[in-house]
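Protein chains in written order, with the numbering used here: chain W, 1 to 109; chain L, 110 to 223.
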Amino acid sequence: GDQVEQSPSALSLHEGTSSALRCNFTTTTRSVQWFRQNSRGSLINLFYLASGTKENGRLKSAFDSKELYSTLHIRDAQLEDSGTYFCAAENSAGNKLTFGIGTRVLVRP
Amino acid sequence: EAAVTQSPRNKVTVTGGNVTLSCRQTNSHNYMYWYRQDTGHGLRLIHYSYGAGNLQIGDVPDGYKATRTTQEDFFLLLELASPSQTSLYFCASSDAPGAQDTQYFGPGTRLLVL
């Protein structure tokens, strides 16, 4: 959506390497959620952040509400990290999420 | 962890057809959502609900109705389906209002309108 700009649109990684995805917000955002969608279409929630950083295994996310961006770092990429990653921003009323159009990540051997 | 199920998983109908998509969550969440996913748009919110009998309009509601019959069950109705409604539909639920907590998604329903 217009409120959420994701980059890059696609990313190719070799196994064992690291990279970062980014979401920029055009309006005030109270929180951000990151999701991964696998090849079968299933959506899995990775992170919910209202501020600061969170880490889960090889994934780490940060949210800067003042600078209007969030990042998702993938460390030591594995084949199972392949998928489409979406970030979603909470609107000012706190009642809706607005999704970006996603980053397609392909991890290759 | 929240369990959200959707049925059917796949559906084909014709233009003008009547379609009902079902969603059930078994984690006692009050908040439920219907989204559609289309290439180039990400996920867009159609309708959402704060509880049984409650309905809120989302960002792309035209052509859709929804009903929340119980805390567990949320239905999306397409009474006169059109080809533009061909999409992947997701249901989600959360414990806290709107976007203030993690949303858990169902597996999705692929709808094709011929």
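Ideal Cβ positions, reconstructed from N, Cα and C, are used throughout, including at glycine.
### Query
Mind pulling the chain L residues with CB within less than 7 Å of W/Leu43?
Stepping through the first sequence from its first residue, residue 43 of chain W is reached at position 43. Within 7 Å Cβ-Cβ: Phe199 and Phe214.
#### Entry: W/Glu113 - containing beta strand (DSSP E), residue span
Since the first residue of chain W shown is 1 and the last is 109, residue 113 of chain W is not available in this structure.
### Query
What in chain W is Cβ-close to L/Thr211, meaning under 8 Å?
Here the question's residue 211 of chain L lines up with position 102 in the second sequence. Chain W residues near L/Thr211: Gln33, Asn45 and Tyr48.
### Query
Is it right to say W/Asp81 is buried, meaning 16 or more other beta carbons lie within 10 angstroms of its own, or is it exposed?
Taking the first sequence and counting its residues from 1, the one referred to as residue 81 of chain W is at position 81. Buried: at least 16 other Cβ atoms inside 10 Å.
### Query
Per the contact definition of three or more C-beta pairs closer than 8 Å, is the segment 28-48 of chain W in contact with the segment 126-135 of chain L?
Segments in contact, no.
### Query
Leaving out five residues before and five after W/Leu72 in sequence, what residues of the same chain have Cβ atoms less than 6 Å from its Cβ?
Numbered from 1 along the first sequence, position 72 holds the residue referred to as residue 72 of chain W. Here the set comprises Leu21, Trp34 and Ser61.
### Message
Taking the alpha carbon of L/Ala175 as the reference point, which residue from L/Phe183, L/Leu152 and L/Asp168 has its own alpha carbon closest?
### Response
Residue 175 of chain L sits at position 66 when you count from the first residue of the second sequence. The option with the nearest alpha carbon to L/Ala175 is L/Phe183.
### Task
Might you give, ordered along the chain, the residues of its own chain that have their beta carbon closer than 6 Å to the beta carbon of L/Leu186, omitting 5 neighbours on each side?
The residue labelled residue 186 of chain L in the question sits at position 77 within the second sequence. Closer than 6 Å at Cβ, skipping near neighbours: Thr129 and Lys174.
### Task
Note down, in chain order, every chain L residue with its Cβ under 9 Å from the Cβ of W/Phe99.
The sequence position of residue 99 of chain W within the first sequence is 99, counting from 1. Those are Tyr144, Gln146, His150, Gly151, Leu152, Arg153 and Leu154, listed as they occur along chain L.
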